[in-house]
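Undergrad: Numbering (the UniProt record's numbering), first residue to last: 1 to 756.
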Amino acid sequence: MDNAGWHALRRDARERENGGYPPARGPDGRYQPVEQILPMDENFIGGFNVSAPPSPIPPPLPPKDDIGAPPLLPQHDHQFQDGYRFSPPSPVVQGSRQPSLASYDASQLTHMSAVERSQNLRMARMNPYLQFMCGPLLRYDTVDEQGVWHGAAMVVTADAGSTYDPYPTLAYSWDPDHSTTFKKAHSNGRSVDLGPHPADPMSMYYAPGHAPDPSHQGPNVQRQQVPGQEIWVYVGNGGTFTFWRFHIQIPLGQQDMKVTYTINHGQELEFFVPGRNQTMRLATYSCNGFSAGVNPEDFRGPGFQSGYDPVWVDLLSKHAEQPFHALVGGGDQLYCDGLTREPELQDWVTMSKSEEKKQYPLTQEIMSAIDRFYFNHYCQVFRSGAFARANSSIPMVNMADDHDLVCAHVIDGFGSYPEDLQNSPIFNRIGARGYFFFLLFQCFINVEMDGLSDQPGVHWCRSLILGGQGPYVPFPSHSFLTYLGPTSWMLLLDCRAERKLEQVCSKEEYHKVFQRLEMLPPSTEHLIVQLGIPIAYPRMVFLETMLGSKFNPLVSLGRSGSLGLKGFVNKFNADAELLDDLNDHWTSRHHKAERNWFIEQLQHFALCHRTRITFLSGDVHCAAVGLLKTLVRGKKAQDLAPSSDHRYMINVVSSAIVNTPPPGGVLTMVGTLATKTHRTMHYTDTDETMIPIFQKEPDGSKPKSQYIMGRRNWCSVVFDPPSGDMVFDIRVEKTKGYGQTVGYTARAPAPRWNPT
1 MDNAGWHALR
11 RDARERENGG
21 YPPARGPDGR
31 YQPVEQILPM
41 DENFIGGFNV
51 SAPPSPIPPP
61 LPPKDDIGAP
71 PLLPQHDHQF
81 QDGYRFSPPS
91 PVVQGSRQPS
101 LASYDASQLT
111 HMSAVERSQN
121 LRMARMNPYL
131 QFMCGPLLRY
141 DTVDEQGVWH
151 GAAMVVTADA
161 GSTYDPYPTL
171 AYSWDPDHST
181 TFKKAHSNGR
191 SVDLGPHPAD
201 PMSMYYAPGH
211 APDPSHQGPN
221 VQRQQVPGQE
231 IWVYVGNGGT
241 FTFWRFHIQI
251 PLGQQDMKVT
261 YTINHGQELE
271 FFVPGRNQTM
281 RLATYSCNGF
291 SAGVNPEDFR
301 GPGFQSGYDP
311 VWVDLLSKHA
321 EQPFHALVGG
331 GDQLYCDGLT
341 REPELQDWVT
351 MSKSEEKKQY
361 PLTQEIMSAI
371 DRFYFNHYCQ
381 VFRSGAFARA
391 NSSIPMVNMA
401 DDHDLVCAHV
411 IDGFGSYPED
421 LQNSPIFNRI
431 GARGYFFFLL
441 FQCFINVEMD
451 GLSDQPGVHW
461 CRSLILGGQG
471 PYVPFPSHSF
481 LTYLGPTSWM
491 LLLDCRAERK
501 LEQVCSKEEY
511 HKVFQRLEML
521 PPSTEHLIVQ
531 LGIPIAYPRM
541 VFLETMLGSK
551 FNPLVSLGRS
561 GSLGLKGFVN
571 KFNADAELLD
581 DLNDHWTSRH
591 HKAERNWFIE
601 QLQHFALCHR
611 TRITFLSGDV
621 HCAAVGLLKT
631 LVRGKKAQDL
641 APSSDHRYMI
651 NVVSSAIVNT
661 PPPGGVLTMV
671 GTLATKTHRT
681 MHYTDTDETM
691 IPIFQKEPDG
701 SKPKSQYIMG
711 RRNWCSVVFD
721 PPSGDMVFDI
731 RVEKTKGYGQ
741 TVGYTARAPA
751 PRWNPT
């Protein structure tokens, strides 16, 4: 249900019509791109600024009845630079070696010499200097049999403004003897003790006197340096830009450890790794952007620069209380809708006849425009606001969904269109480059350099499972099986690279995935399967059938443009726009047989290996928990205890951390369908239902639905050692734009049956 509503689509269409298309070329004969980014200011690397006093604390939330439209920040308080927003300076950041001015009182400063003041207040500067375009970004891979944590950092630098002699170097350190202590984040309204970031200068501050002390490092502190590995270069109109990857390896200790890192002796940042016998704490999210036509200002509360940041700030506040070890992106980590606005594509986008669109030639100018868009857009999203703070301090583990790869509304649901359309030159190029940039920015993988072998010791990414060749994307699928703890693993299944109208994953991909699952250690009790789209979710078969019918009057009106319904159909084959979303779902008529087979295979694996399977999904812009369990026949029969039921699999749905919920009518329909009983898998003794976890709204009022929550959200995942359960805490936004959430908990019980 990734449709923002007809009003939003019509607003987007009006903006497009009033945007001055067809665009004019500049004096050099080139078009001006939709997004143009410039190098980052070094103070803002990682979303930090380390040079100024604390920002004022905002007033507490007003009473519920007094909450109106969020006030806007004064525009003159911010500086803008072509796609990157700078904020007023903020104080010292956690992990920085240099205290801020706020760490000293006036008498201390006046009794220092000029040299001492300079030494104490000087900001870290990279040496040799690197001009960052994006990063640093962190990625977690896995933990090997010897207990060594494997991951990587990546930065993108502008060649013209950087010095590469010697090569860029990442230095990192950790103290195996130092016990990391956590404290409840101080709260005053929305203020918490977080290091500053440019997204929220009005409310985030680091309290004077709380700056970290490097002298606390013990005698056994470990230090490593790794040179950067040049993995790709982007050549654009603005110059050349190099992608540098730094491999990180950390032997796990007996407890949580803080790892600090710098690049070329610059600003010191940090992340956390778990103890050797500890299960990772995860923060999971999806849909990190707004659909076309949605106004971000509608989601911006007091003190925030945009509607993108409030729920991210809540996630970061929880990270400050007890750090997460991995940040799991469940799909749509960014939205590529803006590709359709690139000037070189306008003739193709605005064509009314699909046959002409299929045959439109792919020129060098269009190829350059596609790469330019993805490069600029990724840099813009991944270096901005609270999200930049998160991806530089919590190692990412990402899987793609449709918006990561291609632009919505024009190519929404890549893989759900007819074969001749998929193979059209421009359509195919967009999907191919979207997947390339997903691997590059989100997985730090360049296939041309890293190769296409997932055999042990060959590929740098140990968790990688390569599947079959994509039918329209010129790459094999890239799934990942990663370690979470002594008894827990996560499978991120690539459901995009091999997708076709009647296929989600190929037989080859499934074979290789289950082959790798069979190699998991016998101690495994939990397997989280990350799927971009929910697999246990209310059906909308009747709607799918209606929209697919050639007799549907709404489709006919949309094709003719009557009654303002032109946005009801997509721009390629004039099918209903919403039908593309429904075709994407596991429960659609095209994928149902594959879905049921996949569930059966997982049930067999669970039974034989005594492993609890749990699904984690996004996509649908709401929160819910689906359930598969053993069907108990007979009116008086009782359900099996969840811990003893190998078919007991919950599907935690957490979507979206940024995007708008579906329209109220859609939520009402889905909530009603959630109460229905599904007999699809009764043939294999499997029942399907939804869990009514929403017993009240976040403000305490009666819920609109006990099964579906239409508010922005994210989810924390924590292992509970006493019970052996995996606990999923869905954090739902309390008041739109205010950066506070309320938790709703679902548990995946430890497996307590005997393996066969």
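For every residue, glycine included, the Cβ atom is placed at its ideal position computed from N, Cα and C.
Do G485 and M280 have their CB atoms nearer than 8 Å?
TA: Within the sequence shown, numbered from 1, the residue matching residue 485 stands at position 485. Within the sequence shown, numbered from 1, the residue matching residue 280 stands at position 280. Yes; because the gap between Cβ atoms is below 8 Å, this pair is in contact.
Undergrad: When the Cα atoms are used, what is the spatial distance from Q638 to V632?
TA: The sequence position of residue 638 within the sequence shown is 638, counting from 1. The sequence position of residue 632 within the sequence shown is 632, counting from 1. Cα-Cα distance, rounded: 7 Å.
Undergrad: For P53, does the three-state DSSP call read helix, strand or coil?
TA: Stepping through the sequence shown from its first residue, residue 53 is reached at position 53. Note on P53: pLDDT 35, under 50, position unreliable in the model; the coordinate value appears next. Residue state, collapsed to three classes: coil.
Undergrad: Rounding to the nearest angstrom, what Cα-Cα distance links V732 and I708 in this structure?
TA: If you number the sequence shown from 1, residue 732 lands on position 732. If you number the sequence shown from 1, residue 708 lands on position 708. If you take the alpha carbons of V732 and I708, they lie about 11 Å apart.
Undergrad: E268 to T262, Cα distance in whole Å?
TA: The residue given as residue 268 occupies position 268 in the sequence shown. The residue given as residue 262 occupies position 262 in the sequence shown. Rounded to the nearest angstrom, the two C-alpha atoms are 5 Å apart.
Undergrad: Go ahead and label E688 buried or exposed: buried means 16 or more other beta carbons lie within 10 angstroms of its beta carbon, across all protein chains shown.
TA: On the sequence shown, residue 688 is found 688 positions in, with the first residue counted as 1. Buried, by the Cβ-count rule.
Undergrad: Go through the region 318-363 residue by residue and report every complete run of the alpha helix (DSSP H) that reaches 4 residues or more, in order.
TA: Listed in chain order, the complete alpha helix (DSSP H) runs (minimum 4 residues) inside the region 318-363 are 346-349 and 354-359.
Undergrad: At 4 residues or longer, what runs of the alpha helix (DSSP H) sit wholly inside the region 101-173?
TA: Those alpha helix (DSSP H) runs which fall completely within the region 101-173 and span 4+ residues are 106-110 and 114-121.
Undergrad: Would you please state the rounded distance, in angstroms, between the beta carbons of L327 and M396? I believe it to be under 8 Å.
TA: Numbered from its first residue, the sequence shown carries residue 327 at position 327. Numbered from its first residue, the sequence shown carries residue 396 at position 396. 5 Å between Cβ atoms; contact.
Undergrad: Where in the region 597-673 do unbroken runs of the alpha helix (DSSP H), each at least 4 residues long, occur, reported from the N-terminal end onward?
TA: If we require 4 residues or more, the alpha helix (DSSP H) runs fully inside the region 597-673 come out as 664-673.
Undergrad: Roughly how many angstroms lie between the CA atoms of R496 and G532, to the nearest whole one?
TA: Within the sequence shown, residue 496 is the residue found at index 496, counting from 1. Within the sequence shown, residue 532 is the residue found at index 532, counting from 1. Going by the C-alpha atoms only, they are around 9 Å apart.
Undergrad: Can you find the residues in the same chain that come closer than 6 Å, C-beta to C-beta, to F373, ignoring five residues on each side of it along the sequence?
TA: Taking the first residue of the sequence shown as position 1, residue 373 is located at position 373. Once the five neighbours on either side are set aside, the close Cβ partners of F373 are L339 and E342.
Undergrad: To the nearest angstrom, how far is it from the Cα of D298 to the Cα of H621?
TA: Locating residue 298 in the sequence shown gives position 298, where the first residue counts as 1. Locating residue 621 in the sequence shown gives position 621, where the first residue counts as 1. The straight-line gap from Cα to Cα measures roughly 16 Å.
Undergrad: Give every residue of the same chain whose Cβ lies closer than 6 Å to the Cβ of V381, excluding the five residues on either side of it in the sequence, and list them in chain order.
TA: The sequence position of residue 381 within the sequence shown is 381, counting from 1. So the qualifying residues of the chain are L334.
Undergrad: Have a look at Q346 and A292 and give me their C-alpha separation to the nearest angstrom.
TA: Here the question's residue 346 lines up with position 346 in the sequence shown. Here the question's residue 292 lines up with position 292 in the sequence shown. Approximately 17 Å between the Cα atoms of the pair.
Undergrad: What residue does the beta strand (DSSP E) around G239 start on, and which one ends it?
TA: Position 239 of the sequence shown, counting from 1, holds the residue named residue 239. Its beta strand (DSSP E) spans residues G239 to P251.
Undergrad: Based on the DSSP secondary-structure assignment, which residues constitute the bridge partners of H526?
TA: Within the sequence shown, numbered from 1, the residue matching residue 526 stands at position 526. According to DSSP, H526 bridges with S488 and R612.
Undergrad: Helix, strand or coil for M726, going by three-state DSSP, please let me know.
TA: As a working mapping, residue 726 is identified with position 726 in the sequence shown. Note: M726 maps to strand in three-state DSSP.
Undergrad: Can you tell me which of the three DSSP states Y206 falls into?
TA: Residue 206 sits at position 206 when you count from the first residue of the sequence shown. Annotation note: pLDDT 33 at Y206 (below 50); position unreliable, no value reported.
Undergrad: Taking A388 as part of the alpha helix (DSSP H), name the residues at either end of that continuous run.
TA: The residue you call residue 388 lines up with position 388 of the sequence shown. Per DSSP, A388 belongs to the alpha helix (DSSP H) from G385 to N391.
Undergrad: Under the three-state reduction of DSSP, which class applies to residue 762: helix, strand or coil?
TA: As shown, the chain starts at 1 and ends at 756. That puts residue 762 outside it, with no answer to give.
Undergrad: Whole angstroms are fine: how far does the CA of E145 sit from the CA of V273?
TA: Position 273 of the sequence shown holds residue 273. Position 145 of the sequence shown holds residue 145. Using only the alpha carbons, I get a separation of about 16 Å.
Undergrad: Would you mind giving the Cβ-Cβ distance between G737 and G301, rounded to the nearest angstrom? I have them listed as a contact below 8 Å.
TA: As a first step, residue 737 is located in the sequence shown; it is residue number 737 there, counting from the start. As a first step, residue 301 is located in the sequence shown; it is residue number 301 there, counting from the start. Going by Cβ atoms, the distance from G737 to G301 rounds to 3 Å, so yes, they are a contact pair.
Undergrad: So, with DSSP's three-state summary, where would you put N446?
TA: As a first step, residue 446 is located in the sequence shown; it is residue number 446 there, counting from the start. Looking at N446 - three-state DSSP - the assignment turns out to be coil, as it is neither helix nor strand.
Undergrad: Drop a sphere of 10 angstroms on the beta-carbon of P74, count the other beta-carbons inside from all chains shown, and report buried for 16 or more, exposed for fewer.
TA: Counting from one through the sequence shown, the residue named residue 74 turns up at place 74. Only weak support exists for where P74 lies, its pLDDT of 33 falling under 50; the coordinates are left without a value.
Undergrad: Counting only runs that start and end within the region 684-719, where is the beta strand (DSSP E) found for 3 or more residues in a row?
TA: For the region 684-719, whole beta strand (DSSP E) runs of length 3 or above, ordered along the chain, are 686-690.
Undergrad: Does the Cβ of C379 have 16 or more other Cβ atoms within 10 Å, making it buried, or fewer, making it exposed?
TA: The residue labelled residue 379 in the question sits at position 379 within the sequence shown. C379 comes out buried.
Undergrad: With the cut-off set at 8 Å, would you say P474 and A536 are in Cβ contact?
TA: Residue mapping note: residue 474 aligns to position 474 of the sequence shown, counting from 1. Residue mapping note: residue 536 aligns to position 536 of the sequence shown, counting from 1. The answer is no: Cβ separation not under 8 Å.
Undergrad: Is the Cβ-Cβ distance between G618 and S655 less than 8 Å?
TA: Numbered from its first residue, the sequence shown carries residue 618 at position 618. Numbered from its first residue, the sequence shown carries residue 655 at position 655. Taking 8 Å as the Cβ cut-off, G618 and S655 qualify as a contacting pair.
Undergrad: Compute the beta-carbon to beta-carbon distance between V311 and W597, rounded to the nearest angstrom, for a pair I have assumed lies under 8 Å.
TA: In the sequence shown, the residue the question calls residue 311 occupies position 311. In the sequence shown, the residue the question calls residue 597 occupies position 597. In fact, because the Cβ distance is near 36 Å, the residues do not count as touching under 8 Å.
Undergrad: Got a sec, what are the start and stop residues for the alpha helix (DSSP H) V513 sits in?
TA: Position 513 of the sequence shown, counted from the start, is the residue given in the question as residue 513. Unbroken alpha helix (DSSP H) run through V513: K507 to L517.
Undergrad: Between the C-alpha atoms of V555 and D729, what's the straight-line distance to the nearest angstrom?
TA: If you number the sequence shown from 1, residue 555 lands on position 555. If you number the sequence shown from 1, residue 729 lands on position 729. Bear in mind that a pLDDT of 44 at V555, under 50, signals an unreliable position, so the model cannot answer this.
Undergrad: So Q442 and G329 are supposed to be a Cβ contact under 8 Å. How far apart are they, rounded?
TA: For the purposes of this step, residue 442 is taken as residue 442 along the sequence shown, with counting starting at 1. For the purposes of this step, residue 329 is taken as residue 329 along the sequence shown, with counting starting at 1. Between G329 and Q442 the Cβ distance is about 7 Å, and since that is below 8 Å, they are a contact.
Undergrad: Is it buried or exposed for E321, if we count other Cβ within 10 angstroms and need 16 for buried?
TA: Here residue 321 refers to the residue found at position 321 of the sequence shown. Exposed: under 16 other Cβ atoms inside 10 Å.
Undergrad: Return helix, strand or coil for V233, following the three-state DSSP convention.
TA: In the sequence shown, the residue the question calls residue 233 occupies position 233. V233 falls in the strand class under three-state DSSP.
Undergrad: Rounded to whole angstroms, what is the Cα-Cα separation between Q740 and K734?
TA: Translated into positions along the sequence shown, residue 740 becomes position 740. Translated into positions along the sequence shown, residue 734 becomes position 734. Rounded to whole angstroms, Q740 to K734 spans 6 Å at the Cα level.
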